[in-house]
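Visitor: Chains as they are written, first to last, in the numbering used here: chain L, 12 to 346; chain R, 12 to 346; chain P, 1236 to 1557; chain U, 1236 to 1557.
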Amino acid sequence: MAVEVQAERATYVEMLRRMLAIRTFEQKAEELLNRGEILGSMHSSIGQEAVCVGGCMAVRPDDYMTGHHRSHGHPIAKGADLKRLMAELLGRVTGVCHGKGGSMHLADFSVGSLGEAAIVGSSLPIAAGAGLAIKLSGSGKVCLAFFGDGASNTGIFHEALNLASIWKLPVVFLCENNQYAITTSIKISSAVQQIAHRASAYAMPGQVVDGQDVLAVHAAVRAAADRARAGEGPTLVEAMTYRYGEHSTRLRLPLYRSAEEVEAWKQRDPIVLFRGWIVERGLATADELAHLEDAVKADVEAAVEFAHQSPYPDLDSLWDDMYADPSPWRERPIG
Amino acid sequence: MAVEVQAERATYVEMLRRMLAIRTFEQKAEELLNRGEILGSMHSSIGQEAVCVGGCMAVRPDDYMTGHHRSHGHPIAKGADLKRLMAELLGRVTGVCHGKGGSMHLADFSVGSLGEAAIVGSSLPIAAGAGLAIKLSGSGKVCLAFFGDGASNTGIFHEALNLASIWKLPVVFLCENNQYAITTSIKISSAVQQIAHRASAYAMPGQVVDGQDVLAVHAAVRAAADRARAGEGPTLVEAMTYRYGEHSTRLRLPLYRSAEEVEAWKQRDPIVLFRGWIVERGLATADELAHLEDAVKADVEAAVEFAHQSPYPDLDSLWDDMYADPSPWRERPIG
Amino acid sequence: MAEMTFIQALRAALSEEMRRDPQVFVMGEDVRAGTFAVTTGLVDEFGPERVRNTPISEAGFTGLAVGAAMIGYRPYVELTIASFCYVAMDMIVNQAAKNRFLFGGQAKVPAVFRFVEFSRSYAAAQHTDRPHSLFMAIPGLKIIAPTTPRDAKGLLKTAIRDDDPAVMFDDSTFWTRRGEVPEGDYTIPIGRASIAREGRDVTLVAIFTLYPALAAAEELEKEGVSVEVIDPLTLVPLDTETILASVAKTGRLVVSDMAHRTCSAASEVAALVAERGFRSLRAPIRRVCTPDVHIPYSPPLERQIYPDKDKLVAAVRDVLSA
Amino acid sequence: MAEMTFIQALRAALSEEMRRDPQVFVMGEDVRAGTFAVTTGLVDEFGPERVRNTPISEAGFTGLAVGAAMIGYRPYVELTIASFCYVAMDMIVNQAAKNRFLFGGQAKVPAVFRFVEFSRSYAAAQHTDRPHSLFMAIPGLKIIAPTTPRDAKGLLKTAIRDDDPAVMFDDSTFWTRRGEVPEGDYTIPIGRASIAREGRDVTLVAIFTLYPALAAAEELEKEGVSVEVIDPLTLVPLDTETILASVAKTGRLVVSDMAHRTCSAASEVAALVAERGFRSLRAPIRRVCTPDVHIPYSPPLERQIYPDKDKLVAAVRDVLSA
Ligand SMILES: Cc1ncc(C[n+]2csc(CCOP(=O)(O)OP(=O)(O)O)c2C)c(N)n1
Ligand SMILES: Cc1ncc(C[n+]2csc(CCOP(=O)(O)OP(=O)(O)O)c2C)c(N)n1
Ligand SMILES: [Mg+2]
Ligand SMILES: [Mg+2]
């Protein structure tokens, strides 16, 4: 084990780096929102970084991934460029979606991030469709599909998982079970308290993992991805996790989670846990990690800087991505 | 047991009578269709009569029931008047829906038949909504929801069963698993081969019964209805059954079921089986049963006669059931 | 008269109706917390049985509402953002709208479904649909479209009492608007438009665009142009008489709609007038709508694409000079 | 030229495209048996991987099609009866139509979704929707509406090759119509209307009503009335130039649509002409549509409610005498 661990040192440090990148990026985004520079709604992944990174780093850079409304962390974990993500949040033309998608639609096809869907549950069939394309093409890839506990109550979850199962599509369904859909506890919204329990209704393996332990998530997703690549079909992995903040950064809702509950989860912070694990095993010194953190901060600052220097898209660019040939529309009046 | 059986003799004979009524009604409807008197599409319940009757007679006359596209049998089993059902199939104004609904939308609220839905799966939340109304009103009723194996792959199935479960609604979900959705075998459409297996995903009991045995269906639905009335929530009962004919009477599809398979099921005809059971136990003589059959035939003939003598609805009646007050629409031109 | 916001008016309507009629209940995601503002606090007065938080199952609970309505209840269903309508659409179109008819009048479906149309919320294309015209095309529904606190309260009360299924749309920018609301119980009839401002020269039918329309009328007044602003309030049934009477007087029509132009409510109004008001028309009709492009996220872009005062002023000048 | 039915033409288009491009595949319920006629027999040539029977999961497999299209495939999705569109609507509206835009052009969605509009099928209101105008209101889609075998084949081929998502509607009464179809590979451009019959006195834009429109024109010819019949063929983008040019010539417009009148494609055409062709108009526009009532089951009733030759003749006489 020790040998293996040493050999994969770089990987572990990279995992930590990406988790830090997510947290720092999110903190900066929240700051920008509170300062009035980001105007839409925004859903932070803080507290859930281990699921993002454990999942995305368990698949290959050219594998596919789909996200949902709470998905700044997913493309970062998949290796997307922070600059273009931040520019997107700030509505700039240099954004990864040219300012058209924003916080809920980050997509970076260059790293296999096929985009986020803001309609809860709707990215699940998209992921299965990517799986179907993989299967038809024989490319040997997999698609990793993130979704929330709340999404598991949508009809589309049922249809997508059944389809993926009967066609043995190479998909890993990774549930980020943070136990709430906005204010609604899974206790009152779902007949079963573990989403993984639903896997048997689709004759696929279901597994619950500690979502605050990046290595546990990584191992489960890696095994599921191997299974998928071997043609054995999809797996449902459920990572137990928690969001520290409000559902959406801008919301101020009546209390629906106890202070103790929030505190207890913060005690098992995924970054603190993983940093401790790395230091304990001597995979990096405290100094090296301090450096890493500084580097991440600098990256995020550079991303903001990049975004700030970028122009907003102009009106005519609206039509650019509507159709392959948007000219019939472009000619019509705006009014 | 023998005493009980004698006491319930009338019930058993009534069960048989309703099964015969369904078969005879369906045969007559097919005849009318083949003669060009019925013009739309029509889905026959022949072969599935035990599920219709076992289910409907296990609940009370004032309990509710919802059907689907293959639902001539359900209102008959629930006690609806054959005359108005036949008039509906023939598009007459005296039809149970005044000729507006037709074969796929028979409804007879007077016997608790809340109507059929032709969009597969869509009657499941309607049934759960009836369950919610029952619960809110404290009326102590239940709602029985029929659906097919194919319907269990729809998203709405998932949403409706989850909602019924979390709110402990008094609903019995009764799957008529005839193993095909049009030409598509459950083997290639569903990840699980028994629909009842999906019950655990909704934390409700699931049970498979012999759908050709009217008493087995009756017992399972009765138990589920008792459970529902006791406030313990919904149950999923799956009755294994078979349709003898084409998916829809008018269709002529390439073969997708083997002649042996069809024959094997016909060997376990629900009416033959139950008639045998009745005679064996001395609950009725062959003579009495011959009388019963004649009476049923006469009822069906009378229903056709009634329909034939009834007028078609006139154009103005179109608006009658559009809105509580349809006058703003009625005034507009038809063209 | 009390002054309140649009949202307060809706909440007042809902709580008054819940008090009046025990068959009225509320369902939707997070309705207890009231993330969509109208239902906040209701659970304290009416309890969790009548204020039901749902799973994320829009089709499911919309269907439950229809089922409960068919046997006597009057559900108010909070479907939140209009872009989510599509997942629940089958239940509204094929069940709520059709069941009375399909069953020959045996059932009625007195449910109210609310959708909010997001604008200037910077939530991008999957959260900014304005599908009211899609529902207008479905017979069997009534569609209310209040714009002021007074109308919001009165129309919601009417819709709840009405025996037909009703869909309510409101624009998110209305929420904080304040206005006078009559004291006590009052209702506003479904199917009657409001003449928000009388005028002689041009009829401006304003669909979810009352405020820029009034601003435009005010600006044009200074140039001596008198604009009659009509707020339909109900999209189905549409008050065709009020619109046609106005055009008969002014001879000119501008119709604006927050939705995309093609097959919009504005198209319907234009078609109506081209058909039945043609002889009064002295100039081409002008539609002022959101163009047929998805709503972009980038705030400076989104802000430019909706009908606004300037575009309306330009359109009115257009039809006057035509 | 070969003679074939409408359905044979669609099947020829599909199988030719499947032969030409291995990225084209077919999904839907019972597509192997081909209950909706077009796909019958394809599985024999192309195998079960490319001709996929699905569970009853319209939203699910429509979503899969979008996902597969986003990474290079060209799915043809058989959604059968248009009344089922609502369960799959979110996937078409929020995913297929928007993803190219939302992702700043990183994705394209070259999928084709087919819906059949049932008329005179006596299947009642839950099987007889004509929702083409609902999809016209969604930017990002192309909408084809062929009426003849020739156009069906050419337009479907174009739609399959097109990089944008396309929705095809066809009326069930077209299926058995026969007509000449050019030999070999040919395509018909999306966005160009066909002048099905030239005329001078009245423009008749016929949306899914080509056949009664031609019959009406023929009848009116005998009275010396010359009707120009325009079949849009593509509803989005609509060939506005052809329509406006015709009205410029005739000065009169009747527009008919098999759909309910309110917010129909006919309303859109009427609005377009009232806006941009007003100066040529010499009479009120007349819409001839299905009234805003659900389609009843009873055959003698259903038959009376659609636009037909007689209603079109009456409408043309109307605008001529106005
Ligand atoms: C179909 C749909 N319904 C409702 C919403 C509004 N909404 C956005 S996020 C959310 C909660 C999602 O919960 P979950 O899936 O658990 O993800 P989490 O936010 O907890 O990460 C809801 C209800 C939506 N976006 N889409
Ligand atoms: C949403 C929807 N999709 C497709 C159809 C067409 N259709 C009608 S019945 C049927 C098969 C239903 O199968 P199942 O639920 O097993 O019932 P069965 O016909 O076997 O009784 C299909 C696909 C429909 N009516 N609704
Ligand atoms: Mg959650
Ligand atoms: Mg079946």
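Beta carbons are placed, not taken as given, at the ideal position from N, Cα and C, and that holds for glycine.
Bear in mind that the values here come from a model prediction, so they are computed numbers and not experimental data.
With a cut-off of 7 Å, does the C-beta of residue 1241 of chain U fall near any C-beta of chain P?
Guide: For the purposes of this step, residue 1241 of chain U is identified with residue 6 of the fourth sequence, where counting begins at 1. Residue 1241 of chain U does not count as touching chain P.
Visitor: Going by DSSP, what residue range makes up the beta strand (DSSP E) through residue 1513 of chain P?
Guide: The residue given as residue 1513 of chain P occupies position 278 in the third sequence. From DSSP, residue 1513 of chain P is part of no beta strand (DSSP E); its letter is neither H nor E.
Visitor: Is residue 20 of chain R near ligand 2 - that is, is its Cβ less than 6 Å away from at least one heavy atom of it?
Guide: As a first step, residue 20 of chain R is located in the second sequence; it is residue number 9 there, counting from the start. No, ligand 2 has no heavy atom inside 6 Å of this Cβ.
Visitor: Buried or exposed: residue 283 of chain L, going by 16 or more other Cβ atoms within 10 Å of its Cβ?
Guide: Against the first sequence, residue 283 of chain L aligns to sequence position 272. By the 10 Å Cβ count, residue 283 of chain L comes out exposed.
Visitor: Does any heavy atom of ligand 1 sit closer than 6 Å to the C-beta of residue 1264 of chain P?
Guide: Translated into positions along the third sequence, residue 1264 of chain P becomes position 29. True, at least one ligand heavy atom lies under 6 Å from that Cβ.
Visitor: At the level of alpha carbons, what is the spacing between residue 225 of chain R and residue 1399 of chain U?
Guide: Counting from 1 along the second sequence, the entry for residue 225 of chain R is found at position 214. Counting from 1 along the fourth sequence, the entry for residue 1399 of chain U is found at position 164. Cα to Cα, residue 225 of chain R sits roughly 53 Å from residue 1399 of chain U.
Visitor: Please decide whether residue 1536 of chain U counts as near chain R, where near means a Cβ-Cβ distance under 7 Å.
Guide: As a working note, residue 1536 of chain U is residue 301 in the fourth sequence. Yes, contact with chain R.
Visitor: Could you tell me the boundaries of the beta strand (DSSP E) in which residue 57 of chain L lies?
Guide: One-based indexing of the first sequence puts residue 57 of chain L at position 46. Taken as a continuous stretch (DSSP letters only), residue 57 of chain L belongs to no beta strand (DSSP E), as it is neither H nor E.
Visitor: Compute the distance between the beta-carbons of residue 236 of chain L and residue 173 of chain R, then report whether it is under 7 Å.
Guide: Translated into positions along the first sequence, residue 236 of chain L becomes position 225. Translated into positions along the second sequence, residue 173 of chain R becomes position 162. No, Cβ-Cβ distance for residue 236 of chain L and residue 173 of chain R is not below 7 Å.
Visitor: Just mark residue 287 of chain L as buried or exposed, buried being the case when its beta carbon has 16 or more other beta carbons within 10 Å.
Guide: To locate residue 287 of chain L, count along the first sequence from 1; it is residue 276. Exposed, by the Cβ-count rule.
Visitor: Where does the unbroken beta strand (DSSP E) through residue 1334 of chain U begin, and where does it stop?
Guide: Within the fourth sequence, numbered from 1, the residue matching residue 1334 of chain U stands at position 99. Not the beta strand (DSSP E): residue 1334 of chain U falls in the alpha helix (DSSP H), residues 1334-1337.
Visitor: Helix, strand or coil for residue 1284 of chain P, going by three-state DSSP, please let me know.
Guide: In the third sequence, the residue the question calls residue 1284 of chain P occupies position 49. Helix at residue 1284 of chain P.
Visitor: Determine the extent of the alpha helix (DSSP H) in which residue 1251 of chain U is found, giving its start and end residues.
Guide: By 1-based counting over the fourth sequence, the position of residue 1251 of chain U is 16. Looking at the DSSP string, the run of the alpha helix (DSSP H) that includes residue 1251 of chain U is 1241-1255.
Visitor: Count the C-beta pairs between the segment 48-62 of chain L and the segment 77-84 of chain L that are closer than 8 Å, then say yes if the count reaches three, no if not.
Guide: The answer is yes - the segment 77-84 of chain L touches the segment 48-62 of chain L, with three or more Cβ pairs under 8 Å.
Visitor: Pull out every residue of the segment 1316-1347 of chain U whose Cβ sits closer than 7 Å to any Cβ of chain P, in chain order.
Guide: Answer in chain order: 1318, 1321, 1322, 1324, 1325, 1328, 1329, 1333, 1336, 1337.
Visitor: So, residue 1499 of chain U versus residue 1368 of chain U, is the Cβ gap smaller than 7 Å?
Guide: Within the fourth sequence, the letter at position 264 stands for residue 1499 of chain U. Within the fourth sequence, the letter at position 133 stands for residue 1368 of chain U. Cβ atoms of residue 1499 of chain U and residue 1368 of chain U: closer than 7 Å.
Visitor: Does the segment 1348-1361 of chain U come close enough to the segment 1402-1417 of chain U to have 3 or more Cβ pairs within less than 8 Å?
Guide: Touching, yes, given that three or more Cβ pairs across the two stretches are closer than 8 Å.
Visitor: Quick one: give me the first and last residue of the alpha helix (DSSP H) that residue 305 of chain R is part of.
Guide: Working through the second sequence from its first residue, we reach residue 305 of chain R at position 294. Where residue 305 of chain R is concerned, the enclosing alpha helix (DSSP H) stretches over 297-320.
Visitor: Take residue 1428 of chain P as the anchor and find which of P:1419, P:1380, P:1394, P:1454 has the nearest alpha-carbon.
Guide: Residue mapping note: residue 1428 of chain P aligns to position 193 of the third sequence, counting from 1. Closest by alpha carbon: P:1380.
Visitor: Indicate the three-state DSSP secondary structure (helix, strand or coil) for residue 1320 of chain U in the structure shown.
Guide: As a working mapping, residue 1320 of chain U is identified with position 85 in the fourth sequence. Looking at residue 1320 of chain U - three-state DSSP - the assignment turns out to be helix.
Visitor: Taking 6 Å as the cut-off, is the beta-carbon of residue 84 of chain R closer than that to any non-hydrogen atom of ligand 2?
Guide: Sequence index remark: in the second sequence, residue 84 of chain R carries index 73 (1-based). It does not: the Cβ of residue 84 of chain R is nowhere closer than 6 Å to a heavy atom of ligand 2.
Visitor: So, at 7 Å on beta carbons, what are the nonlocal neighbours of residue 1259 of chain U in its own chain, with the 5 sequence-adjacent residues on each side left out?
Guide: The sequence position of residue 1259 of chain U within the fourth sequence is 24, counting from 1. Here the set comprises 1252, 1253, 1309, 1311, 1395.
Visitor: Is there a C-beta anywhere in chain R that falls below 7 Å from the one on residue 163 of chain L?
Guide: Here residue 163 of chain L refers to the residue found at position 152 when the first sequence is read from its first residue. Judged by the 7 Å Cβ criterion, residue 163 of chain L is not in contact with chain R.
Visitor: I'd like the span of the alpha helix (DSSP H) that includes residue 283 of chain R, first residue to last.
Guide: Here residue 283 of chain R refers to the residue found at position 272 of the second sequence. Residue 283 of chain R -> alpha helix (DSSP H) spans 281-291.
Visitor: Any residues in the segment 1293-1319 of chain U with a beta carbon nearer than 7 Å to a beta carbon of chain L? Which ones, in chain order?
Guide: Residues passing the 7 Å Cβ filter: 1294, 1295, 1296, 1298, 1299, 1300, 1301, 1302, 1303, 1305, 1306, 1307, 1308.
Visitor: For residue 1475 of chain U, which option in L:228, L:339, L:101 has the closest C-alpha, if you only look at C-alpha atoms?
Guide: Your numbering for residue 1475 of chain U matches position 240 in the fourth sequence. The shortest Cα separation from residue 1475 of chain U among L:228, L:339, L:101 belongs to L:339.
Visitor: By the 9 Å beta-carbon criterion, what residues does the segment 1513-1537 of chain P contribute toward chain U?
Guide: Under the 9 Å Cβ criterion, the segment 1513-1537 of chain P contributes 1513, 1514, 1516, 1518, 1519, 1520, 1521, 1522, 1526, 1527, 1528, 1529, 1531, 1532.
Visitor: Going by alpha carbons, who is nearest to residue 229 of chain R out of R:52, R:143, R:43, R:68?
Guide: By 1-based counting over the second sequence, the position of residue 229 of chain R is 218. Among R:52, R:143, R:43, R:68, the Cα nearest to that of residue 229 of chain R belongs to R:68.
Visitor: Could you name the residues of the segment 1263-1290 of chain P whose beta carbon sits closer than 9 Å to any beta carbon of chain R, in the order they occur along the chain?
Guide: If the cut-off is 9 Å between Cβ atoms, the segment 1263-1290 of chain P has 1284, 1285, 1287, 1289, 1290 near chain R.
Visitor: Who are the neighbours of residue 1374 of chain P on chain R, taking C-beta pairs under 7 Å?
Guide: Position 139 of the third sequence, counted from the start, is the residue given in the question as residue 1374 of chain P. Chain R residues near residue 1374 of chain P: 333.
Visitor: My assumption, with CB atoms under 8 Å, is that residue 1548 of chain P sits in contact with residue 1521 of chain P. Please give the rounded CB distance.
Guide: Counting from one through the third sequence, the residue named residue 1548 of chain P turns up at place 313. Counting from one through the third sequence, the residue named residue 1521 of chain P turns up at place 286. Rounded, the Cβ-Cβ distance is 12 Å, inconsistent with contact.
Visitor: Residue 1503 of chain U touches chain P at which residues, Cβ-Cβ below 7 Å?
Guide: Reading the fourth sequence from its first residue, position 268 is the one you call residue 1503 of chain U. Within chain P, the residues near residue 1503 of chain U are 1497, 1498, 1502.
Visitor: Under 8 Å, with one C-beta from each stretch per pair, do the segment 1287-1306 of chain U and the segment 1332-1348 of chain U reach the 3-pair mark?
Guide: The segment 1287-1306 of chain U is in contact with the segment 1332-1348 of chain U.
Visitor: Is the beta carbon of residue 156 of chain R closer than 7 Å to that of residue 182 of chain R?
Guide: Here residue 182 of chain R corresponds to residue number 171 of the second sequence, with the count starting at 1. Here residue 156 of chain R corresponds to residue number 145 of the second sequence, with the count starting at 1. Yes; because the gap between Cβ atoms is below 7 Å, this pair is in contact.
Visitor: Is residue 1535 of chain U helix, strand or coil by DSSP?
Guide: One-based indexing of the fourth sequence puts residue 1535 of chain U at position 300. Here residue 1535 of chain U sits in helix by DSSP.
Visitor: Any idea if residue 45 of chain L is buried or exposed, counting beta-carbon neighbours within 10 angstroms, 16 or more meaning buried?
Guide: Here residue 45 of chain L refers to the residue found at position 34 when the first sequence is read from its first residue. When all chains shown are included, residue 45 of chain L counts as exposed.
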